[in-house]
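Participant: Please read through the structure below; I'll follow up with questions.
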Amino acid sequence: MSRFDFTPTPLTGLALVQRKVTEDHRGFLSRFYCANDFSEAGLNTPITQINHTLTKTKGAVRGLHFQNPPHAEIKLVSCLQGEIFDVAVDLRKNSSTFLQWYGVVLSARNRQSLLIPEGFAHGFQALSQDCELIYLHTAVYYPEAEGALNVADPRLNIAWPLAITEISERDRNHKLIEQDFQGITL
Numbered sequence: 001m002s003r004f005d006f007t008p009t010p011l012t013g014l015a016l017v018q019r020k021v022t023e024d025h026r027g028f029l030s031r032f033y034c035a036n037d038f039s040e041a042g043l044n045t046p047i048t049q050i051n052h053t054l055t056k057t058k059g060a061v062r063g064l065h066f067q068n069p070p071h072a073e074i075k076l077v078s079c080l081q082g083e084i085f086d087v088a089v090d091l092r093k094n095s096s097t098f099l100q101w102y103g104v105v106l107s108a109r110n111r112q113s114l115l116i117p118e119g120f121a122h123g124f125q126a127l128s129q130d131c132e133l134i135y136l137h138t139a140v141y142y143p144e145a146e147g148a149l150n151v152a153d154p155r156l157n158i159a160w161p162l163a164i165t166e167i168s169e170r171d172r173n174h175k176l177i178e179q180d181f182q183g184i185t186l
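At position 6 of the sequence shown (counting the first as 1) the number is 6 in the numbering used here, and the numbers step up by one without a gap.
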């Protein structure tokens, strides 16, 4: 019996993951990851890195980051505390949804995760104070392989739910997408 429901999104390969919960008077148990269940859903690459973040300020944005091949990665993003608007952008060359984005609210309350395939950029906006996230990655982070998009790029036209209150200087200064950008070849 799977402890997850995998729901495809309009962007091929991007899936919303609903964690199933076992509850009683003491609290609950919720599994974040199970190799067997995720393998059946198409994730056959082992998890090699787990990151934990805290974003203190409501309205703050992080992203939009990705790893270029050969260090492209699959990410499983979950919100442990608070609520975020999580965004993935398809950068895969020749994809039918190239440069389209998908956003979803992830929260401690809804116990949903976003399974982001290789070739996607990822970012989020904090919708509450003190948002904690956990990221499971299928590749080790290599700074020289990192790529990024500007969160305010008009070509993407991401509908952030709140005014952006904070963003790192680095993320603010990411370049806009070049007109001749063809995407990532995986």
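Built from N, CA and C at the ideal position, the CB exists for glycine as well.
Because the structure is a prediction, the values reported are computed rather than measured.
My output table needs one value for Ala88: the three-state DSSP class, helix, strand or coil.
Facilitator: Looking at Ala88 - three-state DSSP - the assignment turns out to be strand.
Participant: Determine the DSSP secondary structure at Phe98, reduced to helix, strand or coil.
Facilitator: DSSP places Phe98 in coil when its eight states are reduced to three.
Participant: Assess, as a yes-or-no matter, whether the region 67-82 is touched by the region 131-145 under the definition of 3 or more beta carbon pairs within less than 8 Å.
Facilitator: Yes, the region 131-145 is in contact with the region 67-82.
Participant: Using the beta-carbon count (16 or more within 10 Å), is Gly42 buried or exposed?
Facilitator: It counts as exposed.
Participant: Please go through the region 106-183 and give each complete beta strand (DSSP E) segment of 3 or more residues, from N-terminal end onward.
Facilitator: If we require 3 residues or more, the beta strand (DSSP E) runs fully inside the region 106-183 come out as 112-116, 120-126, 131-137 and 146-148.
Participant: Out of Phe4, Leu16, Arg155 and Gln67, which one is the CA nearest neighbour of Thr138?
Facilitator: Considering only alpha carbons, the answer is Gln67.
Participant: Decide if Thr53 is buried, meaning its Cβ has at least 16 other Cβ atoms within 10 Å, or exposed.
Facilitator: So Thr53 ends up on the exposed side.
Participant: On the premise that Leu106 lies in contact with Leu115, defined as a C-beta separation below 8 Å, what is that separation, rounded to the nearest angstrom?
Facilitator: Leu115 to Leu106, Cβ: 12 Å. No contact.
Participant: Can you list, in chain order, the residues of its chain with a C-beta nearer than 8 Å to that of Phe4? Leave out the 5 residues immediately preceding and following it.
Facilitator: Closer than 8 Å at Cβ, skipping near neighbours: Val17, Gln18, Arg19, Lys20, Arg31, Cys34, Asp37, Phe38 and Ala41.
Participant: Would you report the Cα separation of Glu118 and Phe98, rounded to the nearest angstrom?
Facilitator: Between Glu118 and Phe98, the C-alpha separation is close to 13 Å.
Participant: With DSSP as the reference, please indicate the residues paired to Ile74 in a beta bridge.
Facilitator: In DSSP, Ile74 forms no bridge with anything.
Participant: Between which two residues does the beta strand (DSSP E) containing Ser30 stretch?
Facilitator: Start and end: Gly27 to Ser30.
Participant: DSSP three-state call for Ala41: helix, strand or coil?
Facilitator: Of the three classes helix, strand and coil, the one that applies to Ala41 here is coil, per DSSP.
Participant: Pick helix, strand or coil for Ala60, following the three-state DSSP scheme.
Facilitator: Ala60 falls in the coil class under three-state DSSP.
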